[in-house]
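Notes to accompany the following structure.
There are 2 protein chains.
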Amino acid sequence: MHNTSAEEFETSPERVRRTQDSFSIGDLAKEFDITTRSIRFYEDQGLMMPERRGQTRIYTQKDRVRLKLILRGKRLGFTLAETKTLFDMYDRDGSSVNQLQTMLRLIEDKKLALRQQLEDIKVVLHELTAVESGCRAELSEKTKEYP
Amino acid sequence: MHNTSAEEFETSPERVRRTQDSFSIGDLAKEFDITTRSIRFYEDQGLMMPERRGQTRIYTQKDRVRLKLILRGKRLGFTLAETKTLFDMYDRDGSSVNQLQTMLRLIEDKKLALRQQLEDIKVVLHELTAVESGCRAELSEKTKEYP
DNA sequence: GTAAAACTTTACGTTAACGTAAACTTCATG
DNA sequence: CATGAAGTTTACGTTAACGTAAAGTTTTAC
Numbered sequence: 131m132h133n134t135s136a137e138e139f140e141t142s143p144e145r146v147r148r149t150q151d152s153f154s155i156g157d158l159a160k161e162f163d164i165t166t167r168s169i170r171f172y173e174d175q176g177l178m179m180p181e182r183r184g185q186t187r188i189y190t191q192k193d194r195v196r197l198k199l200i201l202r203g204k205r206l207g208f209t210l211a212e213t214k215t216l217f218d219m220y221d222r223d224g225s226s227v228n229q230l231q232t233m234l235r236l237i238e239d240k241k242l243a244l245r246q247q248l249e250d251i252k253v254v255l256h257e258l259t260a261v262e263s264g265c266r267a268e269l270s271e272k273t274k275e276y277p
Numbered sequence: 131m132h133n134t135s136a137e138e139f140e141t142s143p144e145r146v147r148r149t150q151d152s153f154s155i156g157d158l159a160k161e162f163d164i165t166t167r168s169i170r171f172y173e174d175q176g177l178m179m180p181e182r183r184g185q186t187r188i189y190t191q192k193d194r195v196r197l198k199l200i201l202r203g204k205r206l207g208f209t210l211a212e213t214k215t216l217f218d219m220y221d222r223d224g225s226s227v228n229q230l231q232t233m234l235r236l237i238e239d240k241k242l243a244l245r246q247q248l249e250d251i252k253v254v255l256h257e258l259t260a261v262e263s264g265c266r267a268e269l270s271e272k273t274k275e276y277p
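Taken in order, these protein sequences are the chains called L and E. For the first sequence, our numbering puts the final residue at 277, and the numbers step up evenly by one. For the second sequence, our numbering puts the final residue at 277, and the numbers step up evenly by one.
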């Protein structure tokens, strides 16, 4: 599983490799602090297709980068489906102009939605503050006779 | 069901009532622009308990106010369970000090959560803008040879 | 008096991204 | 060789607030 230690104390004449070229599902789970279940789920949704050695999944650097992109996408509010769309485009015709344009459209959509959310939250915050004031008034009303 | 028209053209010597004292489920649904399904769902969750005439639900002014409070709670980000908690307190001991304090605690929690959300959204917006810039740069890179 | 509108209950479906459990195989280690 | 860690598949459960459909009864309207 772990070949880190094997690398560090390599006895063969081969040079120590600083960058691994293959990872187990557990390696990636640890590195990105997610569960193996999540990684398998992403595969289920068609976002990754690691090779197999028998039953076992073998992840390459490319797979690792993909995972990193999936997680970045999530941070940015992209759904898995949206990320998959981008991946599919990339897989078809490389990092094309078309893909970049799609990406930009997606980003615009997200930004619009987030700005709307910002406004909504601000409004609700104000409403909450108003209700809060009402509560405080009522409360002091009810407790003033017991000072 | 509808006694609005009946009121307006009342022929009996009774005075015209400006405020209804009972409503059908459809009346309330229309007034608040929600579905009857929602109203029945709130009842299911223990937030309302209208009387029945046979099978049919009869809503009083008090029920109507409750519904209004449920919807206000939703606007303010309260879950139905939270609203129910407040109702339960009210039902037990009237609009007590205790209830007001619970309300204030809930409000504080919501405000904290919303402020956190605000910050998160701002961060993501900045990240999105950064990614956007990257995309634009790459895009102009890829299209500059075809001017 | 009959057809349409409104109402009722029951219960499964929806969304997103996994969590959790069961039951199994494979691998490395002492 | 036994055992424990890591891996595998399959499939149901979770959350919130309803949507939707089916299949029935009751009211209302013309």
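Even for Gly, the Cβ is constructed at its ideal location relative to N, Cα and C. Quick caveat: nothing in here was measured; it's all calculated off a predicted structure.
- Chain E has a Cβ within less than 9 angstroms of the Cβ of L258(L).
- By the neighbour-count definition (other C-beta atoms within 10 Å, threshold 16), D193(E) is a buried residue.
- Contact check between the region 260–270 of chain E and the region 159–172 of chain E: fewer than three CB pairs, one atom from each, fall below 8 angstroms, which does not count as touching.
- Unbroken alpha helix (DSSP H) stretches of 4 residues or longer found wholly inside the region 187–248 of chain L: 191–205, 210–223, given in chain order.
- Residue burial is scored here from C-beta neighbours: R222(E) has fewer than 16 other C-beta atoms within 10 angstroms and is therefore classed as exposed.
- With contact defined as three or more Cβ pairs closer than 8 angstroms, the region 224–233 of chain E and the region 171–189 of chain L are not in contact.
- With respect to chain L, the C-beta atom of L248(E) has a partner C-beta closer than 9 angstroms.
- Distance from the CA atom of I169(E) to the CA atom of I155(E), rounded to whole angstroms, is 7 angstroms.
- E181(L) carries a strand assignment under DSSP once its states are collapsed to helix, strand and coil.
- In the three-state DSSP reduction, S152(E) falls in the strand class (E or B).
- Relative to R196(E), the option among E257(E), L244(E), V253(E), L210(E) whose CA is nearest is L210(E).
- The beta-carbon of I251(L) is placed less than 9 angstroms from the nearest beta-carbon of chain E.
- DSSP, read as helix, strand or coil, puts D157(L) in helix.
- Under the DSSP assignment, D174(L) falls in the alpha helix (DSSP H) whose first and last residues are 166–174.
- Sorting R183(L), L201(L), S152(L), F153(L) by C-alpha distance to the C-alpha of F171(L) places L201(L) at the top.
- The CB of V227(L) comes closer than 7 angstroms to the CB of L269, K272, T273 in chain E, given here in chain order.
- In the displayed model, E262(L) falls within a helix according to three-state DSSP.
- Not a single CB atom of chain E sits nearer than 9 angstroms to the CB of V195(L).
- Using a CB distance cut-off of 9 angstroms, E262(E) counts as an interface residue toward chain L.
- Nearest Cα to R235(L) within the set E275(L), E212(L), R182(L): E212(L).
- Its Cα nearest to that of E257(E), the residue E238(L) stands out among K274(L), S270(L), E238(L), V254(L).
- Scanning its chain for C-beta atoms nearer than 7 angstroms, with the 5 sequence neighbours on each side dropped, one finds around L158(E) the residues I169, Y189, R194, L197, in chain order.
- In summary, the residues of the region 230–248 of chain L whose CB is separated from some CB of chain E by less than 9 angstroms are L230, Q231, M233, L234, I237, E238, K240, K241, L244, R245, Q247, L248, in the order they occur in the chain.
- Around the Cβ of K252(E), a 10 Å sphere holds fewer than 16 other Cβ atoms; the residue is exposed.
- In the three-state scheme derived from DSSP, where H, G and I count as helix and E and B as strand, D163(L) is classed as coil.
- Here DSSP, grouped into helix, strand and coil, assigns K274(E) to coil.
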